[in-house]
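Those sequence lines, one after another, are chains X and V.
Position in the first sequence (first residue = 1) + 4 = the numbering used here.
Position in the second sequence (first residue = 1) + 129 = the numbering used here.
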Amino acid sequence: MKARGTISGAARGRLRQGGLGLVAGALAVVVGGCATWPSGLGGEKGRSDAGQSALVSPELERDAYPVLSTKDAGADPGERASRPEPPRRPAVSAVPQLRTVYFDYDSAELTSETRQALADAVEWLKRHSKARVQIEGHCDQRGTHEYNLMLGQKRADAVRAFLIEQGADPKRMHTISYGKERPVASGDNETAWRLNRRVRFVVYNE
Amino acid sequence: MLRKTWIALAGLCALLTPFVPLAPGAEVEADIGVVRAQEGRTVSTIAIPSFQPGQGSARQLEPGVFNTIIYNDLEISGYFKQVGDRDQQGLIEDAAARDRKSGVINFVDWRALQAQFLVVAEYQIAGDDTLSIDCKLYSVNEGQRVLGKRYTQKAAEYRALAHWIADEIVQAVTGVRGIASTQVAYVSRQGQNKEIFLCDADGKNPRQATSDKSLDATPTWGANATELYYTSYKDYNPDMCGVYTNGSKSWFISRRSGSNLSPDWSPAVQLIAAMLSKDGNAEIYTMDRNGQGLTRLTTNKAIDGSPSWSPNAGEIAFVSDRTGHPHVYIMNADGTNPRRITFKNYQNVSPDWSPKGDRIAFTSQVSYGDDYNIYTMNVEGEDWKQLTNGGGNNEDASWAPDNEHLVFSSDRTGSYQLYIMNSDGTNVRQITFQGESHSPDWGPYPPTK
């Protein structure tokens with residue numbers, strides 16, 4: 005069982021010192037519906053920073069999945085250097101400055117518009133030096149489930165690589181591909197497809 | 130009285146044949162040579178009267194339960210069809226009743242009904258619910274018994290027993306091992322989640338193999354035909370997992386950062402090939418069933434994924450978009466000599482190497498915006514054969530172990546469902562109907578009984 009929706013004493017201490025306002029705010033949004041947010045923990049400040057556009061999917065509120073043995077899970081120490089371990093908990097909040105970016109059909113190329121949007125994301129990441137983000141790659145409904153999982157990963161990796169190139173900290177950015185499994189728009193037409201071919205950002209709780 | 134004569138006769142026949150099931154093929158008593166050909170094959174007519182409960186059976190099953198399953202299995206095989214139309218089964222039952230009354234099989238009658246083969250069977254259910262079936266297959270034209278055997282199984286598994294009999298009928302007549310006893314693993318939507326399921330080759334008997342309450346994807350059959358490997362998001366990352374088909378054990382295989390996707394197991398070398406993105410780019414690796422012994426095979430900056438082992442594990446087919454769109458490639462199993470083999474159509478994905486090793490099934494989109502369809506080609510990328518045509522998207526083909534059938538998913542009814550067909554694209558049958566099912570992987574032959 006993972007600790008979720010609770011705040012450790014150490015975390016509260018950090019929150020009091022500020023600097024994690026946004027993340028705390030994001031957390032406040034999440035726990036707000038089911039727990040009392042302790043007053044005086046910087047929550048209000050966090051809320052205004054975060055802009056209150058948190059997207060909390062109901063599925064992310066579930067109990068932890070069964071945690072199985074990881075001893076055979078094969079992760080060599082040397083491999084960790086290239087990429088950080090995934091946080092293994094739900095990323096729960098969207099942030100306006102971390103804009104969703106869109107792609108052409110069967111493409112992971114970043115358009116100039118996309119690069120501008122990602123420049124804003126880099127700025128935000130630099131200002132919020134503790135925030136960890138999940139970079140989610142998505143695809144439209146055409147093509148096999150498997151290929152779209154590959155393509156979504158490529159889109160997320162392309163965005164992550166660009167952010168690193170622009171100076172963002174690689175250790176705080178995790179990718180995940182949902183292929184065509186999590187569409188935001190339904191419909192068998194280009195309007196829906198265009199909205200679904202996307203990379204979106206979600207922030208983890210601290 | 131006459132009935133007793135019949136039973137005595139049946140008993141005599143049973144005595145003349147081994148009670149204990151032998152390896153398939155061992156009990157063929159007459160080489161009837163009717164349907165040996167695999168190409169330009171002959172489709173034989175078969176009559177299967179309802180299996181009769183024997184005297185002393187502790188209980189009776191619904192009439193027609195066995196022959197309905199076996200008829201369907203035999204038609205799936207592509208080598209048989211039920212004699213006459215479905216609504217002529219009454220004539221079959223009448224003829225069988227006359228035979229039982231007279232105590233002899235009147236082959237003249239069966240020839241008149243245009244049956245080339247006839248199955249006569251009797252079942253017993255013992256007090257402990259053990260089901261035994263004495264089953265005989267006759268070549269009607271020659272008036273000769275081709276197969277005679279007793280089959281035993283728990284009564285609750287009557288369906289498996291019917292599949293077993295169907296497979297032996299196919300084997301006895303064609304020499305090809307039937308696939309009715311094999312199973313298909315696939316992804317099934319369960320509310321907001323997707324889980325790995327198994328069903329019989331006819332789509333019946335669906336059962337849930339995972340309870341991850343998450344997004345599960347890309348299942349493949351693993352070691353000993355008792356394990357499945359797949360990708361699950363249950364721990365907030367697309368990790369590769371293993372599970373026993375009976376659900377008794379599960380474990381993580383690879384939890385590396387990024388995607389751990391599309392496992393494919395080679396029984397020949399006991400290794401998984403899969404796509405990992407831990408290095409910031411989708412590459413193909415091999416590893417053992419615990420994720421150890423990782424070897425990277427591809428080094429291209431494009432997507433490299435969707436691996437499929439050749440049967441002897443000498444080569445791996447895979448998908449790469451290194452030319453801009455995804456196409457099928459082949460490389461040696463050590464990663465050397467990667468070469469593109471599809472040069473037609475807009476996208477070619479999801480390769481699956483045939484059990485005999487001479488062909489590869491894949492999913493192709495002719496031009497941008499077209500529906501996807503199933504094709505096969507030889508391993509040089511030539512001799513393309515289009516197996517499906519229109520009606521929606523037809524995707525993710527997987528070979529049956531007999532090399533003569535494929536399972537795939539299609540959204541032709543509006544939701545993804547599983548279909549099976551002969552490897553020439555004929556005999557297409559929808560086998561799942563509920564919810565949403567996709568990404569099938571046809572399992573190996575079960576151990577011989």
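Just so it is clear, CB atoms sit at the ideal spot from N, CA and C, and this is done for glycine as well.
In this text the structure is predicted, and so the values were computed from the model without any measurement.
### Query
Anyone know if the C-beta pair for V:I325 and V:A338 falls short of 8 Å?
Yes, these two residues count as a Cβ contact at 8 Å.
### Query
What whole-angstrom Cβ distance do X:A172 and X:V207 have, given they're in contact under 8 Å?
Their Cβ separation, rounded to whole angstroms, is 14 Å, which puts X:A172 and X:V207 out of contact at 8 Å.
### Message
The alpha helix (DSSP H) that contains V:S186, what's its start and end?
### Response
Note, V:S186: premise wrong, no alpha helix (DSSP H); not H, not E.
### Task
Evaluate contact between the segment 227 to 236 of chain V and the segment 200 to 212 of chain V, counting only Cβ atoms and requiring at least three cross-stretch pairs below 8 Å.
Pairwise C-beta distances place the segment 227 to 236 of chain V out of contact with the segment 200 to 212 of chain V, as fewer than three of them are shorter than 8 Å.
### Task
Can you say whether V:T577 is buried or exposed, counting buried as having 16 or more other CB atoms within 10 angstroms of its CB?
With fewer than 16 other CB atoms across the displayed protein chains lying within 10 angstroms of its CB, V:T577 is exposed.
#### Entry: Interface partners of X:K175 on chain V, CB under 9 Å
For X:K175, no chain V residue has a C-beta closer than 9 Å to its own C-beta; the minimum C-beta separation is roughly 11 Å.
### Query
Excluding sequence positions up to five away, which residues of its chain have a Cβ less than 6 Å from the Cβ of V:G387?
Cβ within range, chain order: S406 and K407.
### In DSSP terms, what V:W394 is bridged to
The partner list for V:W394 (beta bridge, DSSP) reads V:I401.
### Task
Using a cut-off of 9 Å between C-beta atoms, extract the partners of X:T148 located in chain V.
Near X:T148 (Cβ distances below 9 Å), the residues of chain V are S435, V478, S479, T492, Y501, N522, E524, D525, S538, H567 and S568.
### 6 Å Cβ shell around X:Q145 - same chain, five flanking residues per side excluded
Only K184 meet the Cβ criterion.
### Query
Among all the DSSP beta bridges, which residues are the ones paired with V:R488?
V:R488 is bridged to V:N507.
### Cβ-Cβ distance between X:R119 and X:F166 below 8 Å
Using a Cβ distance threshold of 8 Å, X:R119 and X:F166 count as a contacting pair.
### Opposing strand residues paired with V:K230 [DSSP bridges]
As DSSP reads the structure, V:K230 sits in no beta bridge.
### Query
Does the Cβ-Cβ distance between V:S479 and X:E150 come in under 8 Å?
A contact, by the Cβ cut-off of 8 Å.
### DSSP state of V:V305 mapped onto helix, strand, coil
In the displayed model, V:V305 falls within coil according to three-state DSSP, outside both helix and strand.
### Query
Going along chain X in order, which residues have a C-beta closer than 8 Å to the C-beta of V:L344?
Those within 8 Å of V:L344 in chain X are Y182 and E185.
### Task
Tell me, please, whether the CB atom of V:L390 is closer than 8 Å to any CB atom in chain X?
Yes, its Cβ sits closer than 8 Å to a Cβ of chain X.
### Message
Taking DSSP's pairing of strands, which residues face X:H178 in a bridge?
### Response
DSSP, once it has assigned bridges, lists X:Q138 as partnering X:H178.
### Task
Please list, in chain order, all residues of the same chain as V:T471 whose beta carbon is under 6 Å from its beta carbon, the five residues on each side excluded.
Here the set comprises H456, V457, N477 and G510.
### Task
Output, in sequence order along the chain, the residues in the segment 396 to 415 of chain V whose CB is closer than 8 Å to any CB in chain X.
Within the segment 396 to 415 of chain V, the qualifying residues are M404, S406, K407, D408, G409, N410 and A411.
### Query
Touch check for the segment 509 to 527 of chain V and the segment 295 to 306 of chain V: three-plus C-beta pairs under 8 Å?
Not touching, per the Cβ criterion.
### Query
On the three-state DSSP scale, how would you describe V:I432?
In the structure shown, V:I432 sits in coil (DSSP, three-state: anything other than H, G, I, E or B).
### Task
Within the same chain, show all residues whose beta-carbon is closer than 8 Å to that of V:D258, passing over the 5 residues directly before and after it, in chain order.
Answer for V:D258: A187, K283, A284 and A285, listed in chain order.
### First and last residue of the uninterrupted alpha helix (DSSP H) at X:G156
Segment H149 to E169, the alpha helix (DSSP H) holding X:G156.
### Query
So with Cβ pairs under 8 Å, would you call X:L129 a contact of chain V?
Not an interface residue.
### Task
Decide yes or no for the touch test of the segment 525 to 538 of chain V against the segment 546 to 554 of chain V: beta carbon pairs closer than 8 Å, at least 3 of them.
Because the criterion of three Cβ pairs below 8 Å is met, the segment 525 to 538 of chain V and the segment 546 to 554 of chain V touch.
### Residue from V:D463, V:G443, V:Q245 and V:P178 with nearest C-alpha to V:R215
Answer by Cα proximity: V:P178.
### Message
Taking a contact to mean a Cβ-Cβ separation below 8 Å, would you say V:S539 touches V:G521 in this structure?
### Response
In this structure, V:S539 places its C-beta atom within 8 Å of the C-beta atom of V:G521.
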